[in-house]
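Just so it is clear: in the sequence shown, position 295 is 295 by UniProt numbering, and no numbers are missing. Ideal placement from N, C-alpha and C gives every residue a C-beta, glycine not left out. Owing to the predicted nature of the structure, the values given are computational and were not obtained by experimental measurement.
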Amino acid sequence: MASVDYVFKTINYGTKTANLTATVHLPKDKTSAKAIALYFHGGGYIVGSRAMLPSTHIEALNEKGFIAVSSDYRLGPTISVLDGPVSDSVAAYEWAQNELPTLLEKEHGIRVDGKNMVTLGHSCGGGLALLMASRPNPPKAILDLFGFKCLRDPFYHTGTSTKPQLDAPALPSAEFINQVFNEIPPPTAARPPFGPNGLDLSTPRQAYLITSVRKGTQFDAIIAEDEYDLVDPVKLLKSHNFPPTCFVQGTADVVVDAKFSQWAYAELQKNGVQSELYLVEGMAHGFDARLKRGDAAFGSIQKGVDFLAEHVVG
């Protein structure tokens with residue numbers, strides 16, 4: 001599986017420059033390529049990176065004839081969701097549609113139509129994938145993996161009553177956490193707070209995310225009151241013209257309640273939009289991060305990829 005990086009957007013911050021990059025994963029059989037699948041990573045708009053697209057998902061997409069593309073976006077809280085994740089994801093989408101096909105043909109001998117494109121994403125990236133339905137040339141289909149939607153719902157704003165595990169590290173001081181507001185230019189990659197050794201709060205950014213989620217303040221610094229409708233796909237999902245969409249959701253998810261995917265699926269069904277919903281019993285948020293292709297739970301991911309493939313030309 002060969003991969004190549006391209007800069008799709010450059011932002012100047014005085015004497016500093018931020019390059020936004022997309023990693024393009026090419027299939028082994030270049031003649032099989034028929035469409036582009038653009039992926040947006042999760043991380044609550046605060047952490048994560050384009051490297052979070054698992055190799056299992058890339059393989060599944062490549063096997064179905066997709067050029068898999070994973071893109072950067074600037075992370076909050078020193079930039080809003082609208083100006084960072086949403087704006088940068090729109091830029092990645094337009095670049096993948098309009099410029100990437102020329103690069104693929106010139107540099108790799110691969111011919112694909114930029115309009116023959118789908119989107120997918122995890123968590124907040126699932127919400128970004130849904131938002132691309134508002135573009136002039138919307139995706140042929142969307143795969144939402146436990147994605148953010150219905151962002152005004154009290155679920156996101158009331159905090160969690162779940163007590164930390166006894167061996168969980170103590171939260172750092174507010175002074176340490178608030179150092180995240182000094183990170184300018186906003187980074188385009190940051191380690192998630194959950195690693196192989198459990199909860200990691202060693203950076204202000206990791207501690208900021210965990211603290212804000214626990215308090216129900218995760219959107220306060222990154223979504224202005226008058227910007228919710230611009231960053232939340234909830235109104236788009238009420239359209240009869242919404243692209244065909246597949247939702248995959250764990251029933252034990254405490255980060256994004258399963259009720260949001262169930263509502264979105266019901267709304268699309270009511271409006272006659274082709275849609276599917278796969279509820280994975282007992283699975284938590286991010287359940288697919290370390291799955292192998294042969295694992296039973298990966299079946300829902302494969303069904304999602306198959307759904308995408310059914311809606312592209314060729």
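For residue i, report the span of its alpha helix (DSSP H) as first-last.
i, result
"residue 98", "87-98"
"residue 299", "298-309"
"residue 129", "124-131"
"residue 175", "174-177"
"residue 51", "Counting along the chain, residue 51 falls outside any alpha helix (DSSP H), and DSSP gives it neither H nor E."
"residue 262", "258-270"
Compute the beta-carbon to beta-carbon distance between residue i and residue j, rounded to the nearest angstrom, for a pair I have assumed lies under 8 angstroms.
i, j, result
"residue 188", "residue 38", "At roughly 16 angstroms, the Cβ-Cβ gap does not stay under 8 angstroms, so residue 188 and residue 38 are not in contact."
"residue 283", "residue 264", "Residue 283 to residue 264, Cβ: 18 angstroms. No contact."
"residue 92", "residue 71", "4 angstroms"
"residue 317", "residue 131", "Outside the shown range of the chain (1 to 314) lies residue 317, about which nothing can therefore be said."
"residue 127", "residue 149", "6 angstroms"
"residue 207", "residue 176", "7 angstroms"
"residue 109", "residue 213", "The pair is not a contact, with the Cβ atoms about 46 angstroms apart (cut-off 8 angstroms)."
"residue 291", "residue 247", "The Cβ separation is near 18 angstroms, so there is no contact."
"residue 120", "residue 133", "Not really, about 13 angstroms apart at Cβ, beyond 8 angstroms."
Tell me whether residue i is buried or exposed, calling it buried when 16 or more other Cβ atoms sit within 10 Å of its Cβ.
i, result
"residue 154", "exposed"
"residue 217", "exposed"
"residue 368", "Outside the modelled stretch of the chain, which goes from 1 to 314, sits residue 368, for which no answer is possible."
"residue 275", "buried"
"residue 137", "exposed"
"residue 249", "buried"
"residue 196", "exposed"
"residue 160", "exposed"
"residue 31", "exposed"
"residue 232", "buried"
"residue 295", "exposed"
"residue 272", "exposed"
"residue 55", "exposed"
"residue 314", "exposed"
Compare the Cα-Cα distances from residue i to each of the options and report the closest residue.
i, options, result
"residue 125", "138, 307 and 144", "144"
"residue 101", "298, 116 and 89", "116"
"residue 7", "18, 184 and 176", "18"
"residue 203", "196, 192 and 197", "192"
"residue 301", "148, 95 and 142", "142"
"residue 171", "280, 79 and 205", "205"
"residue 184", "4, 13 and 270", "13"
"residue 28", "179, 64 and 48", "64"
"residue 35", "118, 158 and 247", "118"
"residue 174", "146, 151, 211 and 313", "211"
"residue 24", "15, 68 and 33", "68"
"residue 221", "178, 61, 261 and 287", "178"
"residue 123", "207, 287, 291 and 270", "287"
"residue 26", "9, 215 and 60", "60"
"residue 238", "79, 2, 247 and 267", "267"
"residue 47", "22, 244, 78 and 57", "78"
What three-state label does DSSP hand residue i in the structure shown?
i, result
"residue 84", "helix"
"residue 67", "strand"
"residue 39", "strand"
"residue 56", "helix"
"residue 16", "strand"
"residue 194", "strand"
"residue 144", "strand"
"residue 225", "helix"
"residue 61", "helix"
"residue 207", "helix"
"residue 102", "helix"
"residue 180", "helix"
"residue 201", "coil"
"residue 108", "helix"
"residue 31", "helix"
"residue 230", "helix"
What are the boundary residues of the beta strand (DSSP E) that residue i is part of?
i, result
"residue 10", "2-13"
"residue 315", "This structure leaves residue 315 out entirely; the chain is present only between 1 and 314."
"residue 280", "275-280"
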